[in-house]
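Visitor: Residue numbers (my numbering): 1161 to 1635.
From the three backbone atoms N, C-alpha and C, an ideal C-beta is built for every residue, glycine too.
As the structure is a computational prediction, the values presented were derived from the model and not from experiment.
Sending over a structure as C-alpha cells; questions will come in a sec.
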C-alpha cells in the first residue's frame, strides 16, 4: 500500500460496493482513513453512484422523507430514526446531496438500494434474460426500473400499512359507514396529490414495478404454501412495501411480509379484509389516467407483454418451445429458471400438488401419493423452490425411451404443457429410483399392469404389496 499514490487509494475507496464497505475499507489503515477524510465528499458521491446510478436523487429523497409511525400502544409518533422534511407532496430534486447524509440515513440508503437491486435482478431474470440471476438490463432500462422502484418505496412509506390500523375507533371498518367512505376519499386524494406530479410515462413505469411486486408476492405466497391471501388481495403487497416483498421472495418465506401486517393491525395476516387495501395504488392511478384521457396499460398475458415494454426495450417473447414449437416467450422453462415453476399457482408444479402429475392410476394410489408427499414434506420452505428443479435434473439422467432423442439437453426451452407431459412421464421413474436408493421395502415385485393397474385404486393391500411404479406389461 505504501507504493500506491493517494489518487489510487481515493479511487479504491470510491469503488466500494456500499457505505458499509466504504467504512470498513477506510478503517484498514491510518493512511486510507486520512485519504477518506481529505476527499470525503467526492468519495461519498462516487460510492453512492456506483450502486444506485442515476436514480440516486429518488433514493436520497426516499431516505430523507420523515414519516409518522404508530407506537407500540397504537399512538402516532414522529419517527426519530430519520431526519428530513415531512411533506405529503415531497419534492423530487434533480441532483442528490449525499455528503450531508447522516450515518442512519446512509444505512437506510444501503438497505433501500439493496432491495432495489435485488428486485431488478428478479425482474431481469423473469423477463429479460432467464439465463442470468443478476440484472441484464441496460443503463436506460435499469434507470427507469430503479427510479420507479424508489418512487414506489416512497409511496408505500408515506401510505404505509400502519395507516390502516384496525383498532382505530374513528373509522367504521365494515366498509359501509360514512366515516370509512370519508377516510377512503381522503386517502385517495392524498395519493393522487403524490402521483399527479409525475408524467404519464413515469406512472406507467411505477405501474410496471407495482405489478411485478404483486407477481413475486403471489409467487412467494404460493411457493411457501402460506395462507396470506395475496391472490385475492394483491395490493396488500404494495402497502407492505417492495423491500419486505423482495426479502420474502429471496428467502422463500412469508414472514417478512406478514410481520408488518400483524404488527400494524394486531391480527393474523390471513384474516385481513379486502376493504383495507383494495385499490391501494391502482385507484389513484386510474383516476389520474382517466382525467388525462390516457388509456391504462393492459395487464400482461401469454399473448400480450406490452406492459413490460414501458421499461424494457426487449424481452424474451419470441422464444419457442422445442417440443411443440409454440411461441410462449417468457413462459418457457429450462434448467436456468426451473426454480420459478414452484411458485406458479395456475399449474400443478408445487410440492403440494405435484401428485396430480403422476402417470396413469398412480395419481389416485394413496400409497404412492404418500410416498411422494413424504419426500416433499421433508423439504424446508426455503429449499422448496429447488425441489422441482431437482426432480427435472435427475429425471434427465433417467429419461424414458420416448424422450431419449427428444429431450436432448436440460437447456431445452419447454412450455408449461410440454413440461407437464414430461414430468408426468418421468415422475414415477424418479420416485422409484429414490425409493430404491433409500432401501424402501415392497418395490421388488412389479405388478403386471404397472401404473395402469385399476386394482391399486381400491385395494390398499395390493397397492402396498406390489410395485406400480413401472411400465405395464399387460393391458
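To the nearest angstrom, how far is it from the Cα of residue 1210 to the Cα of residue 1195?
Guide: The residue you call residue 1210 lines up with position 50 of the chain shown. The residue you call residue 1195 lines up with position 35 of the chain shown. So the alpha carbons of these two residues sit roughly 19 Å apart.
Visitor: Is residue 1588 closer than 8 Å to residue 1522 when the C-beta atoms are compared?
Guide: Numbered from its first residue, the chain shown carries residue 1522 at position 362. Numbered from its first residue, the chain shown carries residue 1588 at position 428. Yes, the pair counts as a contact, with Cβ atoms nearer than the cut-off.
Visitor: In whole angstroms, what separates the C-alpha of residue 1278 from that of residue 1611?
Guide: Your numbering for residue 1278 matches position 118 in the chain shown. Your numbering for residue 1611 matches position 451 in the chain shown. If you take the alpha carbons of residue 1278 and residue 1611, they lie about 44 Å apart.
Visitor: I'd like the list of long-range same chain contacts for residue 1330, defined as Cβ closer than 7 Å, with 5 residues on each side in sequence excluded.
Guide: Working through the chain shown from its first residue, we reach residue 1330 at position 170. Unreliable placement is indicated for residue 1330, whose pLDDT of 47 sits below 50; no coordinate value is reported for it.
Visitor: Compute the distance between the beta-carbons of residue 1447 and residue 1314, then report whether it is under 8 Å.
Guide: Sequence index remark: in the chain shown, residue 1447 carries index 287 (1-based). Sequence index remark: in the chain shown, residue 1314 carries index 154 (1-based). Cβ atoms of residue 1447 and residue 1314: not closer than 8 Å.
Visitor: Please state the DSSP three-state secondary structure of residue 1608.
Guide: Locating residue 1608 in the chain shown gives position 448, counting from the first residue. Residue 1608: coil per DSSP, three-state reduction.
Visitor: Hey, how far is the Cα of residue 1204 from the Cα of residue 1306?
Guide: Numbered from 1 along the chain shown, position 44 holds the residue referred to as residue 1204. Numbered from 1 along the chain shown, position 146 holds the residue referred to as residue 1306. Looking at the two C-alpha atoms, the distance is approximately 20 Å.
Visitor: Candidates 1520, 1452 and 1179: which alpha carbon is nearest residue 1268's?
Guide: Stepping through the chain shown from its first residue, residue 1268 is reached at position 108. Cα-wise, what sits closest to residue 1268 is 1179.
Visitor: Between residue 1373 and the rest of its own chain, which residues show a CB-CB distance below 7 Å, the 5 nearest in sequence each way excluded?
Guide: Taking the first residue of the chain shown as 1, we reach residue 1373 at position 213. So the list reads 1397, 1398, 1402 and 1405, once near-sequence residues are dropped.
Visitor: Quick check: what's the CA-CA separation for residue 1469 versus residue 1475?
Guide: Residue numbering aside, residue 1469 sits at position 309 when the chain shown is read from its first letter. Residue numbering aside, residue 1475 sits at position 315 when the chain shown is read from its first letter. Roughly 8 Å between the two C-alpha positions.
Visitor: Sort 1473, 1301, 1481 and 1570 by Cα distance to residue 1552 and report the nearest one.
Guide: Taking the chain shown and counting its residues from 1, one reaches residue 1552 at position 392. Considering only alpha carbons, the answer is 1570.
Visitor: Would you report the Cα separation of residue 1465 and residue 1473, rounded to the nearest angstrom?
Guide: For this step, residue 1465 is matched to residue 305 along the chain shown. For this step, residue 1473 is matched to residue 313 along the chain shown. If I take the Cα positions, the gap works out to 12 Å.
Visitor: Using the Cα positions of residue 1312 and residue 1631, report the straight-line distance between them to the nearest angstrom.
Guide: Taking the chain shown and counting its residues from 1, one reaches residue 1312 at position 152. Taking the chain shown and counting its residues from 1, one reaches residue 1631 at position 471. Computed Cα separation, rounded: 54 Å.
Visitor: Can you tell which of 1182, 1191, 1188 and 1265 has the C-alpha that lies nearest to the C-alpha of residue 1221?
Guide: Here residue 1221 is taken as the residue at index 61 of the chain shown, counted from 1. If we check each option's Cα against that of residue 1221, 1265 comes out closest.
Visitor: To the nearest angstrom, report how far apart residue 1271 and residue 1517 are at their CA atoms.
Guide: Position 111 of the chain shown, counted from the first residue, corresponds to residue 1271. Position 357 of the chain shown, counted from the first residue, corresponds to residue 1517. Distance between the alpha carbons of residue 1271 and residue 1517 is about 41 Å.
Visitor: Taking all protein chains shown into account, do 16 or more other C-beta atoms lie within 10 angstroms of the C-beta of residue 1628, making it buried, or fewer, making it exposed?
Guide: Translated into the one-based positions of the chain shown, residue 1628 becomes position 468. Burial call: buried.
Visitor: Let me know if residue 1418 comes out buried or exposed under the rule of 16 or more other beta-carbons within 10 Å of its beta-carbon.
Guide: Taking the first residue of the chain shown as position 1, residue 1418 is located at position 258. The residue is buried, with at least 16 neighbouring Cβ atoms inside 10 Å.
Visitor: Would you mind stating whether residue 1560 and residue 1532 have Cβ atoms separated by less than 8 Å?
Guide: For the purposes of this step, residue 1560 is taken as residue 400 along the chain shown, with counting starting at 1. For the purposes of this step, residue 1532 is taken as residue 372 along the chain shown, with counting starting at 1. Contact flag unset, no.
Visitor: In the DSSP assignment, what are the bridge partners of residue 1405?
Guide: Along the chain shown, read from residue 1 onward, the residue named residue 1405 stands at position 245. Beta-bridge pairing links residue 1405 to no other residue.
Visitor: Looking at C-alpha atoms only, which residue of 1353, 1304 and 1376 is the closest neighbour of residue 1364?
Guide: Taking the first residue of the chain shown as position 1, residue 1364 is located at position 204. It is 1304 whose Cα lies nearest to the Cα of residue 1364.
Visitor: Determine the closest residue to residue 1491 out of 1208, 1288 and 1165, with distance taken between C-alpha atoms.
Guide: Translated into positions along the chain shown, residue 1491 becomes position 331. Considering only alpha carbons, the answer is 1288.
Visitor: Please list, in chain order, all residues of the same chain as residue 1199 whose beta carbon is under 6 Å from its beta carbon, the five residues on each side excluded.
Guide: Position 39 of the chain shown, counted from the start, is the residue given in the question as residue 1199. For residue 1199, where only same-chain residues beyond five positions count, the Cβ hits under 6 Å are 1170.
Visitor: Nearest to residue 1456 by CA position, among 1215, 1590 and 1366, is which residue?
Guide: Residue mapping note: residue 1456 aligns to position 296 of the chain shown, counting from 1. Of the candidates 1215, 1590 and 1366, the one whose C-alpha sits nearest the C-alpha of residue 1456 is 1366.
Visitor: Taking the straight line between their C-alpha atoms, what separation do you get for residue 1440 and residue 1342?
Guide: As a working note, residue 1440 is residue 280 in the chain shown. As a working note, residue 1342 is residue 182 in the chain shown. Looking at the two C-alpha atoms, the distance is approximately 15 Å.
Visitor: Using a threshold of 8 Å, state whether the C-beta atoms of residue 1295 and residue 1258 are closer than that.
Guide: As a position in the chain shown, residue 1295 is number 135, starting the count at 1. As a position in the chain shown, residue 1258 is number 98, starting the count at 1. Not in contact: residue 1295 and residue 1258 (Cβ atoms no closer than 8 Å).
Visitor: Between which two residues does the alpha helix (DSSP H) holding residue 1167 run?
Guide: In the chain shown, the residue the question calls residue 1167 occupies position 7. Start and end: 1166 to 1174.
Visitor: Measure the C-alpha to C-alpha separation of residue 1618 and residue 1539 and round it to an integer number of angstroms.
Guide: As a first step, residue 1618 must be located in the chain shown, where it is residue number 458. As a first step, residue 1539 must be located in the chain shown, where it is residue number 379. If I take the Cα positions, the gap works out to 30 Å.
Visitor: Cutting at 6 Å between CB atoms, please list the residues of its own chain near residue 1497, excluding the five before and the five after it.
Guide: Taking the chain shown and counting its residues from 1, the one referred to as residue 1497 is at position 337. The residues are 1290.
Visitor: Note down the Cα distance separating residue 1173 from residue 1189, rounded to an integer number of angstroms.
Guide: As a first step, residue 1173 is located in the chain shown; it is residue number 13 there, counting from the start. As a first step, residue 1189 is located in the chain shown; it is residue number 29 there, counting from the start. The straight-line gap from Cα to Cα measures roughly 12 Å.
Visitor: The alpha helix (DSSP H) with residue 1200 in it runs from where to where?
Guide: Taking the first residue of the chain shown as 1, we reach residue 1200 at position 40. Where residue 1200 is concerned, the enclosing alpha helix (DSSP H) stretches over 1200 to 1212.
Visitor: Taking the alpha carbon of residue 1380 as the point to measure from, which residue in 1394, 1369 and 1368 has its own alpha carbon closest?
Guide: The residue labelled residue 1380 in the question sits at position 220 within the chain shown. When only C-alpha atoms are compared, the closest one is 1394.
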